[in-house]
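Working notes, structure below.
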């Protein structure tokens, strides 16, 4: 296509009536129009120069940029490692899920720098090793016990390493021996299990980042996973090895589709249904817990969430990066806001209020042209913190007394024509509305930042709200304005502000008093 970029291997081009569809990436992409049906196929097959197609350099750059944003292109450099076409196509599809590799060559370099040890029964270990070797991992060894000195040193010296262990009734203590050996050397252990009509994948043991084997087995027992159907057949070695090799490859290649390290997935062979369970330390566990009595249900729920969003430490298993095909979605989310196009809006004219709103959730105005940075963290510049305001007096030029702050245009947007009193807004709080001039409601834009951060968006939204409220205190003190925070609020506040359930939630409520007048 060009000297340095080409269409990803493994993608299929399907022409239709007035359309061209690309299949094989994370999403199906359909392009329409004469350019898509007449010019694009000839550009993508790489057999013609752009000038032969009558395209200007700027046109080619725009087309390639559009395709690259969608994760459809890769580097045109030939890979240094020779693989069969089937493996190249498989790995190229992995590239579409990650933003970390410009081409197949970079991915193969990463895999070539890894070391993998497979422990278990001979038939299983050899099949896994064969599949991984075919995908470019050459530093491999197998066995039924921890590795000998020579390969043990290789596991510790490799840029990235992994042990894969078959956990079954043939040798139930193998997982215990391998995790103990690997934990002492910082080597992650991917567990693969099988039992009477089921196979299991995970967790990936990584020192203190994951729970211990005893907590895993205790959780499986509580879920009823330790009882097998005597009439059900165990998964055959080919199925087990194929899934183990695929999971290991996603871990080592830093593909976002990899399962969480703390998760165990149980697959039923009869129907291929999947159950998942988070493996976390029990409080009374002396190995990975606190060695204390169980905590309350609320505390346990909070700890479960915190455990579920933990990221692995930097080490021999790479942290999954952001999905490559999501780059365009994330960039677009930076300017996405609730659709309030028909609502009246006006610039923030009051100097004190303007300074507070801008410095709490808005953009800096002391930067050079073209720079867009905020005063406080907001989820990768995705505006994780939104600010709503209810005033005791009307804002000139706008109806009602409830407003949303537009951080992109530094404007107030009226939410409804009817006035909402401060006493109404603060009815479910412990803040007295009488001496206040306004209430500021901090709202988490959970749905917007979830495009990049997934489940972690809940925690990040609360962390960023903490930064924003701290910023409010700082600015208010500088402006000599009094701020009082609520320690509680009710669901009625969400209704008054018309927040989207599941997409937005209140993180803080503050009352503010303007000693020198109302905004």
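Numbering (my numbering), first residue to last: 1347 to 1865. C-beta: ideal position from N, C-alpha, C; glycine also. Since the model is a prediction, treat every value here as computed from it, not as a measurement.
{"Asked": "Below 8 Å on the Cβ atoms is my guess for residue 1469 versus residue 1644; work out the distance and round it to an integer in Å.", "Found": "Between residue 1644 and residue 1469 the Cβ distance is about 48 Å, and since that is not below 8 Å, they are no contact."}
{"Asked": "Measure from the alpha carbon of residue 1779 to the alpha carbon of each residue in 1696, 1806, 1831, 1385, then state which is nearest.", "Found": "1831"}
{"Asked": "Look at the alpha carbon of residue 1625 and the alpha carbon of residue 1748, and state the distance between them as a whole number of angstroms.", "Found": "45 Å"}
{"Asked": "Look up residue 1622 in the DSSP assignment and give the residues it is bridged to.", "Found": "1611"}
{"Asked": "On the three-state DSSP scale, how would you describe residue 1671?", "Found": "With a pLDDT of only 47 at residue 1671, under 50, the local geometry of the prediction cannot be trusted, and the value read off the model is given with reservation. It is helical."}
{"Asked": "CA-CA distance, residue 1728 and residue 1476?", "Found": "44 Å"}
{"Asked": "Is DSSP giving residue 1703 helix, strand or coil here?", "Found": "helix"}
{"Asked": "In the DSSP output, which residue or residues are listed as bridge partners for residue 1859?", "Found": "1828"}
{"Asked": "Let's test the definition: count the other Cβ atoms within 10 Å of the Cβ of residue 1865 and tell me whether it reaches 16, buried, or not, exposed.", "Found": "With a pLDDT of only 43 at residue 1865, under the threshold of 50, the placement of this residue in the model should not be trusted, and no figure is reported."}
{"Asked": "Just to confirm before moving on: does the CB-CB distance between residue 1905 and residue 1854 stay below 8 Å?", "Found": "The chain is shown only over 1347 to 1865; residue 1905 falls outside these bounds and no answer can be derived."}
{"Asked": "Quick one: is residue 1546 buried, meaning 16 or more other Cβ sit within 10 Å of its Cβ, or exposed?", "Found": "buried"}
{"Asked": "At a cut of 8 Å, does the region 1504-1521 reach the region 1457-1474 through at least three beta carbon pairs?", "Found": "yes"}
{"Asked": "Any idea if residue 1783 is buried or exposed, counting beta-carbon neighbours within 10 angstroms, 16 or more meaning buried?", "Found": "buried"}
{"Asked": "At which residues does the alpha helix (DSSP H) containing residue 1360 begin and terminate?", "Found": "It is not in any alpha helix (DSSP H) - residue 1360 instead sits in the beta strand (DSSP E) that spans 1358-1362."}
{"Asked": "Answer yes or no: do residue 1550 and residue 1633 have a C-beta to C-beta separation smaller than 8 Å?", "Found": "no"}
{"Asked": "Which term fits residue 1541, buried or exposed, when burial requires 16 or more other beta carbons within 10 angstroms of its beta carbon?", "Found": "buried"}
{"Asked": "Looking at residue 1724: is its Cβ nearer than 8 Å to the Cβ of residue 1707?", "Found": "yes"}
{"Asked": "Find the nearest neighbour of residue 1405 within the set 1421, 1381, 1420, judged by alpha-carbon distance.", "Found": "1381"}
{"Asked": "Just reading off the alpha helix (DSSP H) that residue 1387 is part of, what are its end residues?", "Found": "1386-1390"}
{"Asked": "I'd like the span of the alpha helix (DSSP H) that includes residue 1844, first residue to last.", "Found": "From DSSP, residue 1844 is part of no alpha helix (DSSP H); its letter is neither H nor E."}
{"Asked": "Classify residue 1776 as helix, strand or coil using the three-state DSSP reduction.", "Found": "coil"}
{"Asked": "Could one say the Cβ of residue 1470 lies closer than 8 Å to chain B's Cβ atoms, at least one of them?", "Found": "Absent from the structure is chain B; it holds one protein chain and no more."}
{"Asked": "Among the residues of its own chain, which have a CB less than 6 Å from the CB of residue 1480, if the five just before and after it don't count?", "Found": "1433"}
{"Asked": "Rounded to the nearest angstrom, how far is the Cβ of residue 1375 from that of residue 1367, given a contact under 8 Å?", "Found": "7 Å"}
{"Asked": "Quick check for students: name the residue ranges of the alpha helix (DSSP H) that lie wholly in the region 1724-1797, counting only runs of 4 or more.", "Found": "1768-1771"}
{"Asked": "So for residue 1528, helix, strand or coil by DSSP?", "Found": "helix"}
{"Asked": "Quick one: what's residue 1489 bridged to in DSSP?", "Found": "1465"}
{"Asked": "Count the other CB atoms within 10 Å of the CB of residue 1621; is the residue buried (16 or more) or exposed (fewer)?", "Found": "exposed"}
{"Asked": "Just to confirm the assignment, what range does the alpha helix (DSSP H) spanning residue 1641 have?", "Found": "Residue 1641 -> no alpha helix (DSSP H), and no H or E assigned at all."}
{"Asked": "Give the DSSP-derived three-state secondary structure of residue 1810 in the structure shown.", "Found": "helix"}
{"Asked": "Note the first and the last residue of the continuous beta strand (DSSP E) segment covering residue 1421.", "Found": "1419-1421"}
{"Asked": "Let me know the beta strand (DSSP E) ranges lying completely inside the region 1552-1592, each 3 residues or longer, listed in chain order.", "Found": "none"}
{"Asked": "Along the alpha helix (DSSP H) that carries residue 1450, what are the first and last residues, could you check?", "Found": "1450-1458"}
{"Asked": "Going by beta carbon distance, what residues of the same chain come within less than 7 Å of residue 1817, once the five residues before and after it are set aside?", "Found": "1705, 1706, 1721, 1722"}
{"Asked": "Name the residue from 1857, 1493, 1647 whose alpha carbon lies nearest to the alpha carbon of residue 1629.", "Found": "1647"}
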